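Following: one structure in structure tokens, then a few remarks.
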Amino acid sequence: MPDPEHLGSRRNPSMPDTEHLGSGKVRELYALGADRLLLVASDRISTFDVVLPTAIPDKGRVLTGLAAFWFARTLAICPNHLLAVRDDGRSTECRRLTMLPIECVVRGYLSGSGWKDYQATGEVSGHRLPAGLAESDRLPGPIFTPATKAVTGHDENITRAQAGERVGRERLAAVERLSLELYRFAAEYALARGIIIADTKFEFGTDGEGRLVLADEALTPDSSRFWPADKYVPGRPQPSYDKQFVRDFCEQTAWNKTAPGPELPAGVVAGTRARYIEAFERLTGISFADYLAHPEIVLTAPGGTRASGAGNRP
Ligand code: PZK
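When we follow my numbering, the leftmost residue of the sequence shown carries the number 172, and every step to the right adds one.
Pasting the structure below:
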């Protein structure tokens, strides 16, 4: 597979029947015939909403493996789009769905736009929260805070009533229940391994029979806020599990947070790569070297527990 960043045309002669459908900040999407997609995670990294010119080697493989790990372990909660992880470890074949026009965000802690909205109104997406909460506080229970999908710029939090207008009330109730269940399972699992999943974003689609299917890349550090549990101190912003070296470096340059971002020094690249691999190994219980040798290992290895608890090895 050629580097997607160097593909000039939508048609790729080395991949017949593979049409480039779109680019995210750090990912590429291709059609595989009519019913399947290829999701390719690059090694690009973004910070302060800008993609940096320096890649983090293996970042795309870490995120692809981690998402596949979670897909395999949450099948008791809901079906997902994953069909196969390719041998390159960075691409997955997926079922092509009709995507819902909302982002399904779940927050277990008060951070980012949730903290901003709470300070301004005492509410987040229509949830009235207790008075007197501090930044990064754990919420009394996780809340579903849907957002619009902005093509450019920032996603905007919307109320559940507004989300219901977009997808229908019954469908919204179903994705809210699934999102909360997925978050509770993953957050409890990750916390036991030293990682706080402060919040996370799910995307759902429907298949040909109208059934809800979890899609996109779920429960990775790119789709969630991961915090190191041993550094957790509410009342201030928390360090990022994965990107803190990058942020610290950027803050001590003169960069004004508009494109293009700065090149990263080798030490920052190495430290950041190590953090991604550490998150992968802590959460999956699988060595990253084993993943590179056999990517499908994340789908079958006993990395912990499956969402049902049924059939787990002793
Ligand atoms: C789908 N995106 C986001 C944009 C990327 C990813 N299973 C699916 N079926 C239909 N559409 C999508 C999916 C998934 N996942 C995902 N947009 C459409 C996106 C650009 C690049 F890598």
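Cβ coordinates follow ideal geometry from the N, Cα and C atoms, glycine included. Nothing here was measured: the structure is a model prediction, and the numbers come from that model.
Return the chain-ordered list of same chain residues with a C-beta closer than 6 angstroms to the C-beta of A369, the five sequence neighbours on each side being excluded. Same-chain partners within the cutoff: Y280, S282, R396, W398.
Check the DSSP bridge columns for G298 and list the partner residues they point to. In the sequence on display, residue 298 carries His and not Gly. Per DSSP, V295.
Let me check you understand the geometry: is the CB of R198 closer than 6 angstroms to at least one non-hydrogen atom of the ligand PZK? For the ligand PZK, at least one heavy atom lies less than 6 angstroms from the Cβ of R198.
Let me know the secondary structure DSSP gives I448 once reduced to three states. Three-state DSSP puts I448 in a helix.
Of the residues V211, S217, P392, I227, which one's Cα is nearest the Cα of V450? It is worth fixing the name first, because residue 450 is Ala in this sequence and not Val. Just measuring C-alpha positions, the residue of V211, S217, P392, I227 sitting nearest A450 is P392.
Buried/exposed call for R444, threshold 16 Cβ in 10 Å: Here R444 is buried. Its C-beta has 16 or more other C-beta atoms within 10 Å.
Straight-line Cα distance separating L208 from W426: Linking W426 to L208 through their CA atoms gives a straight-line distance of about 37 angstroms.
Out of R407, D229, K230, T377, state which residue places its alpha-carbon closest to the alpha-carbon of A305. With distances taken between Cα atoms, A305 lies closest to R407.
Return yes when at least one heavy atom of the ligand PZK lies under 6 angstroms from the C-beta of H252, else no. Distance from the C-beta of H252 to the nearest heavy atom of the ligand PZK is below 6 angstroms.
Can you tell me whether G231 is buried or exposed, with buried defined as 16 or more other CB within 10 angstroms of its CB? By the C-beta density criterion, G231 is buried, having at least 16 other C-beta atoms within 10 angstroms.
Between the alpha carbons of R261 and E274, how many angstroms are there, rounded? Across the structure, R261 and E274 are spaced so that their CA atoms are roughly 23 angstroms apart.
Under 7 angstroms between C-beta atoms of V469 and G236: Yes, these two residues count as a Cβ contact at 7 angstroms.
Is it the case that the CB of G193 approaches a heavy atom of the ligand PZK more closely than 6 angstroms? Indeed, a heavy atom of the ligand PZK lies less than 6 angstroms from the Cβ.
What residue does the beta strand (DSSP E) around S395 start on, and which one ends it? Start and end: 395-399.
Can you look up N254 in the DSSP assignment and give me helix, strand or coil? Correcting the residue type first, residue 254 is Leu in the shown sequence and not Asn. DSSP places L254 in strand when its eight states are reduced to three.
Three or more C-beta pairs below 8 angstroms linking the stretch 348-366 and the stretch 426-436: Segments in contact, no.
Just how far apart, CA to CA, sit P301 and P311? Each residue's Cα considered, the two are about 9 angstroms apart.
Would you say R342 touches the ligand PZK, meaning its beta carbon is less than 6 angstroms from a heavy atom? R342 Cβ: outside cutoff for every heavy atom of the ligand PZK.
Enclosing beta strand (DSSP E) for K372 [first to last residue]: Here the beta strand (DSSP E) through K372 covers 366-377.
Thinking C-beta only, is T245 closer than 7 angstroms to V256? No, they are not a contact pair.
Pull the bridge partners of V417 from the DSSP assignment, please. For V417, which the question treats as bridged, DSSP gives no partner whatsoever.
Going by alpha carbons, who is nearest to R418 out of P317, D461, V221, G297? When only C-alpha atoms are compared, the closest one is V221.
Could you spell out where the alpha helix (DSSP H) holding S262 opens and where it closes? Looking at the DSSP string, S262 is not in any alpha helix (DSSP H); the run it does join, the beta strand (DSSP E), is 262-266.
Would you mind sorting Q409 into buried or exposed? The rule is 16 or more other CB atoms within 10 Å of its CB. Q409 is buried by the Cβ-count criterion.
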